[in-house]
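S.K.: The structure is given below, and queries will be raised subsequently.
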Amino acid sequence: MAASHACNSCKPHSRVFSPTLLAIALSSEPQTLTHICDTMGKFYDHIPESLHGFLLRQHLFFVATAPLQGGSVNVSPKANEGAFQIVDSHRVRYADLTGSGNETISHLLQPDNGRITLAFINIEEGAPNIVRVYGKGTVFERAIDAEFDSKWQAEHGGKPVPIGLRAIIDVAVHTCATSCGYSMPIFHFQRKRSVLDEYMDKLDRPGGIEALHKQKKVTYPPVDAEGVVVEKGHGQDGQQVRKMASALELYWAVCNTLSVDGLPGMRSVAPLTNVEEKQRLLALAKEHDALQPPQDDLGPIISHAEAVSKDNLKQSTAAQATAVVQPVNVLHLSAAFAAGCILTFALLNVQMPTVVI
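Residue numbers are given in UniProt numbering: position 272 of the sequence shown equals residue 272, and the series is strictly consecutive.
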């Protein structure tokens, strides 16, 4: 299927390019403007097969989400180590690994939300390119599906679920857009980071729950060394004893029940949400929403090196301007003059011969 938005007429949805390019286009052949628009970017209502390989090759991609109203817009980097899948031209999925926050999950779980954008950038050698995939996402939590691990192993030849995996994000794609990426720097991929695997592996050992409890200085939810925690609001007596299945589940309960704006996070540990912390975050979000953007124009951007150079120059100039010249002491000057006169007179007396008449 062809691009859903033709760019050759530079409609409002088209890419905005520089005055230099516009001048070149207007002073050249009529087809030049069309060529520039087509080069700078295209929109599709699907993911073209020609882009599949590019998306799968990237070691890194970014995910952006936001609450429906107010709140913080979130952008998260994701490692693409075989954890990104193109189901078809209208659907993609990726494995969401455990982290200290869960903004993406919170935003996607918000009723009537689900908006998500994935961005892929070529920062290695080769043709520059940026691809954005727009759609609506669904969260499939690992802890909610009792057969998640067994289904994963069956699909991957018995291999265990990747360490730290907490959910699969499934995206229905409605738009795919390309743009130039001409200004993107070039890097070289070195290796995959192993810190998360090592960290989660330590917690997965016997005593991991107790170790995490001490490391995070957990005060909520209250949990003992065996992972037993009391949930409030369940059962006839208003309480229900729950045993954490692993240190990973306790980590989710500590770090992944709320977004930075106080929105609900992972559903599997939702009963363990700290209500006081939720109220604090909701109040803080209101303060952030009331923040006004800058109104004064500071002029051109100044690089860090230029700013440091200017600061050093100002400090040097100020030091010179404020340097205090010590006043001349009149008494010392008089004493020095007198001493000089005496010394001169003595030398003259020594050198002058005595005349006898």
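We put the beta carbon where it would ideally sit given N, CA and C, even for glycine.
Remember, it's a predicted structure, so these values are computed and weren't measured experimentally.
Considering Cα atoms alone, identify which of 69, 172, 211 is closest to residue 248.
M.R.: It is 211.
S.K.: Assign residue 70 to one of two classes, buried (16 or more other C-beta atoms within 10 Å of its C-beta) or exposed (fewer than that).
M.R.: Flag for residue 70 reads exposed.
S.K.: By how many angstroms is the C-alpha of residue 168 removed from the C-alpha of residue 217?
M.R.: Cα to Cα, the separation comes out at about 29 Å.
S.K.: Residue 285 by DSSP, collapsed to three states: which one?
M.R.: Note: residue 285 maps to helix in three-state DSSP.
S.K.: How many angstroms separate the CA atom of residue 63 from the CA atom of residue 320?
M.R.: Rounded to the nearest angstrom, the two C-alpha atoms are 52 Å apart.
S.K.: With 8 Å as the threshold, decide whether the Cβ of residue 147 is near any Cβ in chain B.
M.R.: In the displayed structure, chain B is absent; only one protein chain is listed.
S.K.: Please report how far the alpha carbon of residue 99 lies from the alpha carbon of residue 143, in whole angstroms.
M.R.: Distance between the alpha carbons of residue 99 and residue 143 is about 15 Å.
S.K.: Suppose contacts are defined by Cβ-Cβ distances below 8 Å. Is residue 133 in contact with residue 47 by that definition?
M.R.: Yes, Cβ-Cβ distance for residue 133 and residue 47 is below 8 Å.
S.K.: By the 10 Å Cβ neighbour count, where 16 or more other Cβ atoms means buried, how is residue 95 classified, buried or exposed?
M.R.: So residue 95 ends up on the buried side.
S.K.: What first and last residue would you give for the beta strand (DSSP E) that runs through residue 216?
M.R.: That residue, residue 216, is in no beta strand (DSSP E); it is neither H nor E in DSSP.
S.K.: Between which two residues does the alpha helix (DSSP H) carrying residue 255 extend?
M.R.: Its alpha helix (DSSP H) spans residues 247–255.
S.K.: Taking just the CA atoms, how far does residue 261 sit from residue 49?
M.R.: Their Cα atoms are separated by approximately 38 Å.
S.K.: Helix, strand or coil, according to DSSP, for residue 335 in the structure here?
M.R.: Residue state, collapsed to three classes: helix.
S.K.: Which first and last residues belong to the alpha helix (DSSP H) in which residue 312 is found?
M.R.: Residue 312 -> alpha helix (DSSP H) spans 304–321.
S.K.: In chain order, which beta strand (DSSP E) runs of at least 3 residues are fully inside the region 64–113?
M.R.: Entirely contained in the region 64–113, the beta strand (DSSP E) runs reaching 3 residues are, in chain order, 74–79, 84–88, 91–97.
S.K.: Grouping DSSP H, G and I as helix and E and B as strand, with all else coil, what is residue 340?
M.R.: It is helical.
S.K.: For the alpha helix (DSSP H) that contains residue 149, what are its first and last residues?
M.R.: Here the alpha helix (DSSP H) through residue 149 covers 148–155.
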